[in-house]
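Quick note: the sequence shown, position 67, residue 67 per the working numbering, numbers continuous. Glycine included, each C-beta is placed from N, C-alpha and C at the ideal position.
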Amino acid sequence: MTGSRNWRATRDMCRYRHNYPDLVERDCNGDTPNLSFYRNEIRFLPNGCFIEDILQNWTDNYDLLEDNHSYIQWLFPLREPGVNWHAKPLTLRE
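Here you go:
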């Protein structure tokens, strides 16, 4: 089990470092939700808040940070889908 998990982690890191060479860029039609979130224009989904609220009010609030994991993929977007299906993969344009 550990060997296969290590292999998957190694493969994932290699794809990340090489800018996801096998990833086909989706047509975003000008939609840039990650950029809009960082500009404080939209709340993260689901049931989220603006980034300024996170930065100002969530500091050292470990219970809140631990209870709500849906913000992670908004703060640290990747170019591939993750667990939170509301979070959109990061595009090259963003």
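The Cβ neighbour count for GLN56, taken over all protein chains shown within 10 Å, is under 16; the residue is labelled exposed. Residue environment for ALA87: buried (at least 16 other C-beta atoms within 10 angstroms of its C-beta).
The straight-line gap separating the alpha-carbon atoms of ASN6 and CYS49 is approximately 35 Å.
Rounded to the nearest whole angstrom, the CA to CA distance from PRO33 to ILE42 is 8 Å. Counting along the chain, TRP85 sits inside no alpha helix (DSSP H), nor does DSSP assign it H or E at all. Inclusion of ILE54 and TYR38 in the CB contact set at 8 Å is not warranted, their separation being larger than that value. Contact check for ARG79 against TYR20 passes: the beta carbons are separated by less than 8 Å.
Leaving aside the five residues that flank GLN73 on each side, the residues in its chain whose CB is nearer than 6 Å to its CB run, in chain order, GLY82, ASN84 and ALA87. Note on geometry: alpha-carbon atoms of ARG15 and GLU25 lie some 14 Å from one another.
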